[in-house]
Structure formats: C-alpha cells, structure tokens
Amino acid sequence: MNDCTRGQKMAEVKILKTDSRGRITLPPPFRNEPLFEYMVEGDQITLFPVQTVRKYPDMSDLPAEKLSPQWVEAEENVNKDTRDGISASTPAQAMKRIKK
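Structure, rendered in structure tokens:
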C-alpha cells in the first residue's frame, strides 16, 4: 500500500528541461526571485528562494574601531597599498572609475 492510498497527498512533480547551455527556466512564481539556496541530495537538487531584507546590512551604528600602532605598522609592512577602495557593481564600471 503506497502513501497515496492512505489519504496523504503527494507533491506534484514537474520536469524542467535544460537548454543547450545547461540552464533551466523557472516556473512563473519563481522567475523574479534574485537569490536561491540549493541542496544536493544524491542525483537531485532542491532550490529554496531566499528572502533578503536588504543587499548590505546597515553598519552605521557600529563604533569605529581604533587599531593599535603595532598592528598598523605590521599591516603597512605587509601591504604598502593604501589607496581607497573602489565601489562598483561590475569590473567595467570599476575601470571607468579608476580612469576618472
């Protein structure tokens, strides 16, 4: 006697076919999800949409950390590059900002 005959409902199974590049098209309710967590179990993969509150956490309320002079000196010996970082979403955008 299987689970269906005992009155339990089984999940509806649907097949997603990959294109020539190995990509799948998600069902309509999931197409706007930007991020998925996945789990691989044997020969199957399970996708879970991940809901995020914001892209980067707000850290403005954290106190600024003062580093010891010894640590600063050791860091300068290892890393002499003290240029400010570049904030960009793509490498091409970063290159444009470097040229400015």
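Each step along the sequence shown adds one to the number in the numbering used here, with nothing skipped, and position 91 is 91.
The C-beta atom is built at its ideal place from N, Cα and C for all residues, glycine as well.
Nothing here was measured: the structure is a model prediction, and the numbers come from that model.
Item, Value
"What is the DSSP secondary structure of Glu-33, reduced to helix, strand or coil?", "coil"
"Specify, as a first and last residue, the run of the beta strand (DSSP E) that Ile-86 falls within.", "Run containing Ile-86: none; DSSP gives neither H nor E here."
"To the nearest whole angstrom, what separates the beta carbons of Pro-27 and Phe-36, a pair I think is in contact under 8 Å?", "About 13 Å; that fails the 8 Å criterion."
"Taking the continuous beta strand (DSSP E) assigned at Arg-44, which residues delimit it?", "In the sequence as presented, Arg is not what sits at residue 44; that position holds Gln. Note, Gln-44: beta strand (DSSP E), 44–49."
"Taking the C-alpha atoms as reference points, what is the distance between Asn-32 and Arg-23?", "16 Å"
"Using only the alpha-carbon positions, how far apart do Ile-15 and Gln-51 sit?", "25 Å"
"Please go through the same chain and pick out, in chain order, the residues whose beta-carbon is closer than 8 Å to the beta-carbon of Tyr-38, but skip the five residues on each side of it.", "Ile-45, Thr-46, Leu-47, Phe-48"
"Candidates Arg-97, Pro-91, Thr-90: which alpha carbon is nearest Asp-84's?", "Arg-97"
"Would you mind giving the Cβ-Cβ distance between Ala-92 and Ile-86, rounded to the nearest angstrom? I have them listed as a contact below 8 Å.", "Their Cβ separation, rounded to whole angstroms, is 12 Å, which puts Ala-92 and Ile-86 out of contact at 8 Å."
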